[in-house]
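Student: Here it is: the structure, laid out below.
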Amino acid sequence: MGKKLTVYMIDGTAYGPRLSEIGNWVGKAIYSPRASVNKIMNRPEFDNPGIYCLKGDPTDDAFDEKIYIGEAENIKTRLKQHLSDSNKDFKELIFFVSKDELLTKTQIRYLESRLVQIALEAKTAQIDNGNSPSLPTLHEADISDMEYFLEQIKLILPVMGFKFLISSTVSANSKLESNSKGEVHETYLIKTKTFKATMIETDQGYIVAKGSEAKKDLSPSCTETYRNMRRKLIETKIMIENKDKMIFTEDAVFNSPSAASNMVLGRNSNGFTEWVTKKGETFKKVQEKINK
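Residue numbering for the sequence shown follows the UniProt record's numbering, beginning at 1 and increasing consecutively.
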């Protein structure tokens, strides 16, 4: 079932501060580039308690963004502290507050802890928090409310350009056998004399299966983008060294079949022709049949 997301451009510009709301959800989000924060600081949302995320440039090139997640009983007061802190060199921010009933201190601490936990598990961005703060004790009904609040946050963040909750792996309890329409996924293979790997195409992306093997070293011709991708997979332990090859320790998500084949083969490659079915048909051939 679809959802209606409303985005209001506060200053009427495409890249300025924005307010976002979802249907009947009690929450709202305020996004702003750092340079525009002072222009909207007097908005009433800034005086509320809430959860916030700061996005900056990563210190590790393997990641696309560095994220700091925090909570505050007064968003304005906390953001002013960060704006004057030379150690918090962020470019963009987003925060979430309640439209009617104010979030309690315990509830926003719960949201902070869960967001950090999910962000670390996603292994997508460089998370400035380090470790996840402990979960506070909440009544069962409050936990249900906060988990729903969290689901809406997860929907809004990517729309606002914050990708850190989009997981680099698939959780063990996810069903990879079929897509959202109930159709069985085709399995694709790469086999060489020294290693083999398996991939399936899903709604989430192109999944290289846990246990798949890959070439240990990258070719000198491999682009910087893919060198950073391999380094990220190693740093997050999605890939580990095993004798003369690399092994995938989790089901890894890629945004294209070529990105997946590059990580397996250790060189620039065309995933549309490198991945083949058990019958020997290429990924390209299968797609042509589907799109006829």
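Idealized CB from N, CA, C, for every residue including glycine.
Taking 8 Å as the cut-off, does the stretch 34-50 touch the stretch 90-98 (at least 3 CB pairs, one atom from each stretch)?
Tutor: Taking 8 Å as the limit for Cβ pairs, the verdict is that the stretch 34-50 does touch the stretch 90-98.
Student: Which complete beta strand (DSSP E) runs does the UniProt domain "GIY-YIG" (47-126) hold, if anything under 3 residues is left out?
Tutor: Runs found: 50-56, 66-72, 92-98.
Student: Determine, using beta carbons only, whether M146 and L111 come nearer to each other than 8 Å.
Tutor: Yes, the Cβ-Cβ distance between M146 and L111 is below 8 Å.
Student: Excluding sequence positions up to five away, which residues of its chain have a Cβ less than 8 Å from the Cβ of K175?
Tutor: Here K175 scores only 46 on pLDDT, less than 50, and its place in the model is too uncertain to base an answer on.
Student: Taking the Cβ atom as the reference point for each residue, do K278 and L135 lie within a distance shorter than 8 Å?
Tutor: Contact: no.
Student: Grab me the residues of F195's own chain with a C-beta within less than 7 Å of its C-beta, minus the 5 sequence neighbours each way, in chain order.
Tutor: So the list reads E213, A214, K215, K245, once near-sequence residues are dropped.
Student: Any beta carbon from chain B within less than 8 Å of T192's own beta carbon?
Tutor: Among the chains in the structure shown there is no chain B, since it carries only a single protein chain.
Student: Considering only C-alpha positions, which residue in the set L233, T106, L93, G271 is nearest to I200?
Tutor: Ranking L233, T106, L93, G271 by Cα distance to I200 puts G271 first.
Student: Going by beta-carbon coordinates alone, are residue 296 and E235 separated by less than 8 Å?
Tutor: The structure shown does not extend to residue 296, since the chain is modelled only from 1 to 292, so the question has no answer here.
Student: Report buried or exposed for Y31, applying the criterion of at least 16 other Cβ atoms within 10 angstroms of its Cβ.
Tutor: Looking at its Cβ environment, which holds 16 or more other Cβ atoms inside 10 Å, Y31 is buried.
Student: Applying the criterion that 16 or more other CB atoms from any shown protein chain within 10 Å of the CB defines a buried residue, is N38 buried or exposed?
Tutor: Exposed, because fewer than 16 other Cβ atoms sit within 10 Å of the Cβ of N38.
Student: Would you give the residue range spanned by the alpha helix (DSSP H) that L233 belongs to?
Tutor: Its alpha helix (DSSP H) spans residues 224-235.
Student: Q107: buried (16+ other C-beta within 10 angstroms of its C-beta) or exposed?
Tutor: Under this definition Q107 is a buried residue.
Student: For A119 and L102, I'd like the C-alpha separation in whole angstroms.
Tutor: Cα-Cα distance, rounded: 25 Å.
Student: Enumerate in chain order the residues of its own chain whose CB-to-CB distance from D217 is below 8 Å, with the five nearest sequence positions on each side excluded.
Tutor: G266, listed in sequence order.
Student: With DSSP as the reference, label T198 as helix, strand or coil.
Tutor: In the structure shown, T198 sits in a strand (DSSP, three-state: E or B).
Student: Leaving out five residues on either side along the sequence, give the residues of the same chain with a beta carbon under 6 Å from the beta carbon of A252.
Tutor: Only T169, V208, I238 meet the Cβ criterion.
Student: Whose CA, out of S219, T223, T187, N268, lies closest to the CA of Y206?
Tutor: It is T187.
Student: By Cβ distance below 6 Å, which residues in the same chain neighbour I166 in space, the five residues on each side in sequence not counted?
Tutor: Hits under 6 Å: T124.
Student: If we ignore side chains and look at the alpha-carbon of each, how far apart do K88 and H82 end up?
Tutor: So the two alpha carbons sit approximately 6 Å from each other.
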